[in-house]
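Accompanying notes for the structure given below.
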Amino acid sequence: MNNLQQYDPEIFHLIEQEERRQRDKIRLIASENYVSTAVMAATGSVLTNKYSEGYPGKRYYEGQQYIDQVESIAIERAKTLFKAEHVNVQPYSGSPANLAVYLAFLKPGDTILGMALPHGGHLTHGAKVSISGKYFNAEFYTLDETTGRLNYDAIRETALRCKPKILIAGHSAYSRILDFPAFRKIADACGALLLVDMAHFAGLVVGGVHPTPIPYADVVTTTTHKSLRGPRGAMIFCKQEYAAAIDKAVFPGLQGGPHNNTTAAIAVALKEAATDDFRLYAQQIVKNAQALAATLLDRGFNLVTGGTENHLMLIDLTNKGITGKVAAKALDAAGIVLNYNAVPYDTRKPFDPSGIRLGSAAVTSRGFKEEQMVQIGKWIDAIVADPSNLQLQQETATAVQRLCIGFPAPGLEHLAA
Ligand SMILES: *Cc1c(COP(=O)(O)O)cnc(C)c1O
Numbered sequence: 001m002n003n004l005q006q007y008d009p010e011i012f013h014l015i016e017q018e019e020r021r022q023r024d025k026i027r028l029i030a031s032e033n034y035v036s037t038a039v040m041a042a043t044g045s046v047l048t049n050k051y052s053e054g055y056p057g058k059r060y061y062e063g064q065q066y067i068d069q070v071e072s073i074a075i076e077r078a079k080t081l082f083k084a085e086h087v088n089v090q091p092y093s094g095s096p097a098n099l100a101v102y103l104a105f106l107k108p109g110d111t112i113l114g115m116a117l118p119h120g121g122h123l124t125h126g127a128k129v130s131i132s133g134k135y136f137n138a139e140f141y142t143l144d145e146t147t148g149r150l151n152y153d154a155i156r157e158t159a160l161r162c163k164p165k166i167l168i169a170g171h172s173a174y175s176r177i178l179d180f181p182a183f184r185k186i187a188d189a190c191g192a193l194l195l196v197d198m199a200h201f202a203g204l205v206v207g208g209v210h211p212t213p214i215p216y217a218d219v220v221t222t223t224t225h226k227s228l229r230g231p232r233g234a235m236i237f238c239k240q241e242y243a244a245a246i247d248k249a250v251f252p253g254l255q256g257g258p259h260n261n262t263t264a265a266i267a268v269a270l271k272e273a274a275t276d277d278f279r280l281y282a283q284q285i286v287k288n289a290q291a292l293a294a295t296l297l298d299r300g301f302n303l304v305t306g307g308t309e310n311h312l313m314l315i316d317l318t319n320k321g322i323t324g325k326v327a328a329k330a331l332d333a334a335g336i337v338l339n340y341n342a343v344p345y346d347t348r349k350p351f352d353p354s355g356i357r358l359g360s361a362a363v364t365s366r367g368f369k370e371e372q373m374v375q376i377g378k379w380i381d382a383i384v385a386d387p388s389n390l391q392l393q394q395e396t397a398t399a400v401q402r403l404c405i406g407f408p409a410p411g412l413e414h415l416a417a
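Structure below.
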């Protein structure tokens, strides 16, 4: 960093400020985490200098003596950890991973069926503004209006009516465990491939606190940077019979050279994820989410589905007389960072919806336990009750910083308090 400081003080200074922000704030954005110093070191390594289009042993450029080994190690670790027949570790991120799956199995205009975006699905599951909704005929299933939960009978009905080529299970904002055997049965009933996108909960699968989709799905995609706590990247798991189609779709179908520095960092993150420490971490993520959920429920917050079984919760703030955006901005000023989010059947617009989304993966990485989660819930309650009280926000931000300093985050241990 010394060199960066001298050459480009402007960027150096901004990185430094971002480091402090990550150190001093309670980060509840459900898709974020803190990678270890080891993962960070691999990400920032000379592997970024190397081109290696192709796959280990079959490259289009020479000089792959070390890169081939790095990618092979990442592949072996991923297959072992998730008990998968095949994996591709090259997708640049979660969105291109999903596009690669579509490229492997679909023609433009084919039908896909996924969870609707305002109900917790992802953009790449067919949203109109996404290429997945422009190039394919996207159909959607929704959450039950009274329970806020998936209704598998209703999904089955929709699937039998629209006959998708790919049925997608997976979400960015659903606080309940998915029933993979039920999804498998629906896919079989309508003749679809089953794609499970476990971007959000892959780390929980590793920790044994969320069932694994691997035995049920034809293809499983995941990001590597959410609960799995690796670098920004993605992986695609599949049955052996689809291996060639998936690999061809990633390269040369959609991408050029893989980001080898990311591949190395994924390998490091997978080594970390295979430890007992990571299992305990994943278990604590769920305990922490439940402690925060209980604190908020006690204080009259309306949690979609009434609680959580994973790392996240979605809160409908309508009964609190405040919009998601106003709440998120007030909380940010108070040192608690989360995102505003649409809730199912939201009557407000996506840019100022009725809800907020909270996740426990990042704060659990810095060692927060139930006690700290209860404290966070109390702070959220106070700020949401009085969102224009700037003095309260200031005081809370100071208390938040004091709490955070006592729990050094992975990757930021070098920052003196
Ligand atoms: C985050 C996410 C993605 C996309 O990941 P990017 O890396 O942001 O492209 C895909 N699917 C789901 C369900 C996600 O939550």
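Heads up: the sequence shown at position 205 corresponds to 205 in full-length UniProt numbering, and the numbers run straight through without jumps. Just so you know, even glycine gets a beta-carbon here, dropped at the ideal spot from N, CA and C. Computed from a predicted structure; not experimentally measured.
Between the region 392-401 and the region 345-354 there are fewer than three C-beta pairs closer than 8 Å, too few to call the two in contact.
Straight-line spacing of the CA atoms in S95 and L194 works out to 17 Å. In the three-state scheme derived from DSSP, where H, G and I count as helix and E and B as strand, V209 is classed as coil. Of the candidates I75, E53 and F301, E53 places its Cα closest to the Cα of G253.
Look at E139 here: in three-state DSSP terms it is strand. Shortest Cα-Cα distance from G203 to any of K165, L331, G257 and E272 involves E272. Minimum Cα-Cα distance from L390 among the listed residues T318, A328, H200 and A334 corresponds to A334. Contact between the region 259-269 and the region 279-296 is absent: fewer than three C-beta pairs spanning the two stretches fall below 8 Å.
Judged by DSSP in its simplified three-state form, M235 adopts strand. Look at the beta carbons and you see the region 291-310 not touching the region 322-342: under three pairs across the two are nearer than 8 Å. Remark: the shortest separation between the CB of T43 and any heavy atom of ligand 1 does not fall under 6 Å. According to the DSSP assignment, I166 belongs to the beta strand (DSSP E) that extends over I166 to G170. Look at T223 here: in three-state DSSP terms it is strand. Contact between V35 and G411 is confirmed by a C-beta separation of about 6 Å, below the 8 Å threshold. The closest CA to that of G148, considering only A330, F201, A173 and T305, is found on T305. Counted as a single uninterrupted DSSP element, the stretch harbouring L314 is not any alpha helix (DSSP H) but the beta strand (DSSP E) occupying residues L312 to D316. By DSSP's assignment, L113 forms a beta bridge with E139 and L167. Here the alpha carbon of A74 sits roughly 4 Å from the alpha carbon of A267. Secondary-structure assignment with DSSP links H86 through a beta bridge to C238. Bridge pairing for I336: I26 [DSSP]. A heavy atom of ligand 1 is found nearer than 6 Å to the CB of A199. Contact check for H311 and S365: beta-carbon distance about 11 Å, past the 8 Å limit, so the pair fails to qualify. Counting every other CB atom within 10 Å of its CB across the protein chains shown gives M198 a total of 16 or more, marking it as buried.
Ranked by Cα distance from T158, the options A192, A104 and Y135 are led by A192.
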